[in-house]
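The structure appears below as structure tokens.
4 protein chains.
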Amino acid sequence: MTTHTASLFSIATGSADPIYRQLVEQVRRLVVSGQLAPGDEMPSVREIAQALALNPMTVSKAYGLLEMDGVLARRRGLGMIVAGTAGAGKPAERAALLRPTLERAAREARELELDPRTALDLFAAILKEAQ
Amino acid sequence: MTTHTASLFSIATGSADPIYRQLVEQVRRLVVSGQLAPGDEMPSVREIAQALALNPMTVSKAYGLLEMDGVLARRRGLGMIVAGTAGAGKPAERAALLRPTLERAAREARELELDPRTALDLFAAILKEAQ
Amino acid sequence: MTTHTASLFSIATGSADPIYRQLVEQVRRLVVSGQLAPGDEMPSVREIAQALALNPMTVSKAYGLLEMDGVLARRRGLGMIVAGTAGAGKPAERAALLRPTLERAAREARELELDPRTALDLFAAILKEAQ
Amino acid sequence: MTTHTASLFSIATGSADPIYRQLVEQVRRLVVSGQLAPGDEMPSVREIAQALALNPMTVSKAYGLLEMDGVLARRRGLGMIVAGTAGAGKPAERAALLRPTLERAAREARELELDPRTALDLFAAILKEAQ
DNA sequence: GTGGTCTAGACCACA
DNA sequence: GTGGTCTAGACCACG
């Protein structure tokens, strides 16, 4: 499962936003996109910590927040699983998670007095190159 | 100029990213979009601080960074002005400032397994509604 | 007896307090209230474990604590029975088991600056609706 | 303010539920009971930590949860204040916070086959003695 | 084995 | 000065 763990997450230790938050958001996206299904067992805290060279407490903090959020569920002494309530995620639901970033982009475009057409073309290009 | 100041910036004190950074980025966008032209006088630190109810040191820090960046220029004893070198901003240059946010959006869309088409449509809708 | 077992206990696996403790307290209350009389045979560990989908070790731990407490007695090779010493329970004795929770409620009411009258009325209402 | 801090909270380090949660719940009750009003400055993390002989991180964790819950608000670099949205707390609202514990007491009373009358009398006595 | 909690101490970002 | 984050290491509760 370790190899699985390593490929499941990609953490930028030097990033602006904290590691635990990167973990939280990635798990949330993996769940809502269906790559993690309800009932799936999550890698253990220690496993992730070792695979990503993090302190277990950092991972634990992320798990704790995800549990509070209802995304993960704790099975005492047995580890965490993806919560049953965590909907598989319809396209509309997934799009909702993308909205904040796109709204920010729209605001910036407006402040830059960029033509909507230009902004859209740029986004299209970026989506293509990242493919 | 005070009334001008209040309307020039919009600061969200409760936002995730720090106030000084919001100031820096807003000034940068105003300059590159031509809403602030080279030679224009910037409001004084204390003027902005008072208008937006901020700590003067916060405003000062933003001005310092903008000066380091060559966006603003300091005239000893006379306040800051928009630097002459600060180009009015060709479209390509402006688009460059939008890129990071769009790249982030593209990455999130991929992690959500959203169709590029869907992401683009959503962006188009947001751009339209924000108009 | 299995059917009996399932209805005898109600375990909330997602609850805040541990499963083994829920078992211990429920047995203690059943005994002191007379619903389990001295000499009664308790369901076997594996029987309870299967009926409630619990780890047998969890049930075993609860039985161990109840034995230490003198509530249950172990008959080698024959399972556990309700201890003879486990008095049927006079009202005063039963009330003692309720005290801790009520003391906690009283403390919380005080911290909430709730009128004792209000707290009492609320408790009366809850007792009634749960009947 | 230190003396204030010491008297504001009462922590049982040996208690079953964790320190950070005791802090969270006490603050929540103080806010909803009006003893802490919106806009009030909270003691600093270090101040509480020192007054109660706790690790600052433990206090910080409590503050973080209270912020996520909307009970407290962070003023960056200036400390935490009671959130404006944190309603002063009508009696009904306060009673709601007492409900869970009373529901638990009611359930236990029922399992003990205690007369509602007896349970109520016991609660009345406890409320009186704690006064 | 699992996650949870706490401590100690360091460093950073912000105002 | 404020809170936030991370690390290291210990201990506990649970199953």
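Chains as they are written, first to last, in the numbering used here: chain C, -4 to 126; chain E, -4 to 126; chain R, -4 to 126; chain V, -4 to 126.
Where a beta carbon is used, it is the ideal one built from N, C-alpha and C, also for glycine.
Treat the numbers as computed from the prediction; the structure is a model and nothing was measured.
Original post:
Mind checking whether V54(R) and V77(R) have CB atoms under 8 Å apart?
Top reply: no
**OP:** Taking only beta carbons into account, state which residues of the region 1 to 16 of chain R come closer than 9 Å to chain C, listed in chain order.
**Re:** T8, G9, P13 and I14
Original post:
In terms of residues, what are the limits of the alpha helix (DSSP H) holding R23(C)?
Top reply: I14 to V27
Subject >> Three-way DSSP call (helix, strand, coil) for T(-2)(R) in this model >> reply: Bear in mind that the predicted position of T(-2)(R) carries a pLDDT of just 44, short of 50, making it unreliable; the figure below should be weighed with that in mind. If DSSP states are grouped into helix, strand and coil, T(-2)(R) belongs with the helices.
**OP:** Return the residue from the list V66(V), A83(V) and Q30(V) that minimises the CA-CA distance to L3(V).
**Re:** Q30(V)
Original post:
In the region 55 to 69 of chain C, which residues sit with their C-beta less than 8 Å from some C-beta in chain E, listed in chain order?
Top reply: none
Original post:
Whose C-beta lies closer than 7 Å to the C-beta of V19(R) among residues of the same chain, with five residues either side of it excluded?
Top reply: A57, L60 and L61
Original post:
What does a CB cutoff of less than 7 Å around M(-4)(V) pick up in its chain, not counting 5 residues either side in sequence?
Top reply: A caution first: M(-4)(V) carries a pLDDT of 46, below 50, which makes its placement in the model unreliable, though a value can still be read off. Closer than 7 Å at the Cβ level, and outside the excluded window around M(-4)(V), lie P38 and E42.
**OP:** Determine the closest residue to P86(E) out of L67(C), M52(C) and R112(C), with distance taken between C-alpha atoms.
**Re:** R112(C)
**OP:** Throw me the rounded Cβ distance for the R99(E) and T8(C) pair, which I believe falls under 8 Å.
**Re:** Wrong, their Cβ atoms sit about 18 Å apart, outside the cutoff.
**OP:** Rank L93(V), E108(V) and L25(V) by C-alpha distance to the C-alpha of L115(R) and give the top, closest one.
**Re:** L93(V)
**OP:** Please report the residue range of the beta strand (DSSP E) in which V77(R) lies.
**Re:** G74 to V77
Original post:
Assuming R69(E) and M75(E) make a contact with CB atoms under 8 Å, what is their CB distance in whole Å?
Top reply: 6 Å
**OP:** Let me know if L73(C) comes out buried or exposed under the rule of 16 or more other beta-carbons within 10 Å of its beta-carbon.
**Re:** exposed
Original post:
Alpha carbon to alpha carbon, what distance is there between A101(C) and E103(E)?
Top reply: 16 Å
**OP:** Within the region 57 to 117 of chain E, note down every full alpha helix (DSSP H) run reaching 4 residues or more, in order along the chain.
**Re:** 86 to 106
**OP:** Grab me the residues of A83(C)'s own chain with a C-beta within less than 6 Å of its C-beta, minus the 5 sequence neighbours each way, in chain order.
**Re:** G29
**OP:** Would you decide whether E124(C) is buried or exposed? Buried here means 16 or more other CB atoms lie within 10 Å of its CB.
**Re:** exposed
Original post:
Name the chain E residues whose beta carbon is nearer than 7 Å to that of L93(C)?
Top reply: A100, E103, A104, L107, L109, A114 and L117
Original post:
What's the C-alpha gap between M52(E) and G79(E)?
Top reply: 25 Å
Original post:
Roughly how many whole angstroms lie between the Cα atoms of R105(C) and L122(C)?
Top reply: 20 Å
Original post:
Along the chain, where does the alpha helix (DSSP H) that runs through E42(R) open and close?
Top reply: V40 to L47
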